[in-house]
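Residue numbers (my numbering): 479 to 737.
One structure below.
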């Protein structure tokens, strides 16, 4: 799983990229595959650092060193200490780079994630119910909501399939509109309904009290082939994002009380 963001912060263009090894789907095996930070200054691309797994390479370019506020004589020492203490599961940008190299550059990227990215919360569901019962037009409703939470909660699955087919038909959806929704119903894990890159999973992690979002396409063509049954493989645990349910203790406790 990888992504890259290219944005302007205070008239300063920054580019940050991150890739996570797909082995993170196995509990306890989360690790950063690659990471990098650079900028574009007066049409010139300036790289600050690159990372490949547990190896960070700091830039030796004069312009990069000046912008980072780093003495060229100390680069080798910093790099050696960083790589000796680098955690494979932690971001270099928000840890060592922020604390020992340049706090301002790191904060510019961190603030982008904190202040500008959309966070879907429970209010989406509540607002949807209010809007559907009001006089607000469907057009305004679709503009205001970026993600439809539990879109299929009150709609028959066959109707949902028809709606998805409309969005996937270029003759119908000529403007390239997108429908983004959440669901707990796995029946849409069908290559006849959605492409691999259109399917996203959310894997909760108790260790970090957070969640990972990844695409079915992240597994690659060898692990997810066109002839595979996505639904069956999902329930076999091959794609992760399955709840861990154990009711045996509750049943045992209930049985003990009745006895």
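All C-beta atoms, glycine included, are put in the ideal place defined by N, C-alpha and C.
On a predicted model such as this, the values are computed, not experimentally measured, just so you know.
Buried or exposed by the 16-neighbour rule on C-beta atoms within 10 Å, applied to residue i
i	result
residue 498	buried
residue 513	buried
residue 650	exposed
residue 489	exposed
residue 601	In this prediction, residue 601 has a pLDDT of 37, which is less than 50 and means its spatial position is unreliable; what the coordinates show is noted afterwards. Classification for residue 601: exposed.
residue 694	buried
residue 726	exposed
residue 633	exposed
residue 548	buried
residue 559	exposed
residue 652	exposed
residue 529	buried
residue 608	The predicted model places residue 608 with a pLDDT of 42, which falls under 50 and marks its position as unreliable; any figure quoted below should be read in that light. Exposed: under 16 other Cβ atoms inside 10 Å.
residue 682	exposed
residue 581	exposed
8 Å Cβ cutoff met for residue i and residue j
i	j	result
residue 495	residue 518	no
residue 680	residue 665	no
residue 534	residue 577	no
residue 637	residue 672	no
residue 541	residue 524	yes
residue 658	residue 709	no
residue 483	residue 590	yes
residue 584	residue 572	yes
Reference residue i, options the options, closest by Cα
i	options	result
residue 532	563, 553 and 716	563
residue 588	551, 487 and 718	487
residue 706	674, 726, 661 and 718	674
residue 557	544, 542, 575 and 710	575
residue 511	567, 525, 520 and 630	567
residue 546	719, 709, 579 and 639	579
residue 670	647, 632, 698 and 569	647
residue 565	719, 509 and 700	509
residue 635	668, 656, 655 and 653	668
residue 570	717, 586, 515 and 591	515
residue 555	536, 572, 573 and 544	536
residue 655	645, 526, 553 and 689	645
residue 527	699, 521, 592 and 493	493
residue 480	697, 717 and 663	697
residue 719	552, 661 and 485	661
residue 677	689, 712 and 700	712
Beta-bridge pairing of residue i - partner residues as DSSP gives them
i	result
residue 740	Residue coverage of the chain in this structure runs from 479 to 737, which leaves residue 740 outside it and unanswerable.
residue 482	495
residue 632	The partner list for residue 632 (beta bridge, DSSP) is empty, contrary to what the question assumes.
residue 535	528
residue 518	491 and 523
residue 708	None, per the DSSP bridge assignment.
residue 692	679
residue 556	Paired residue(s): none; residue 556 is not in a bridge.
residue 513	496 and 529
residue 659	626
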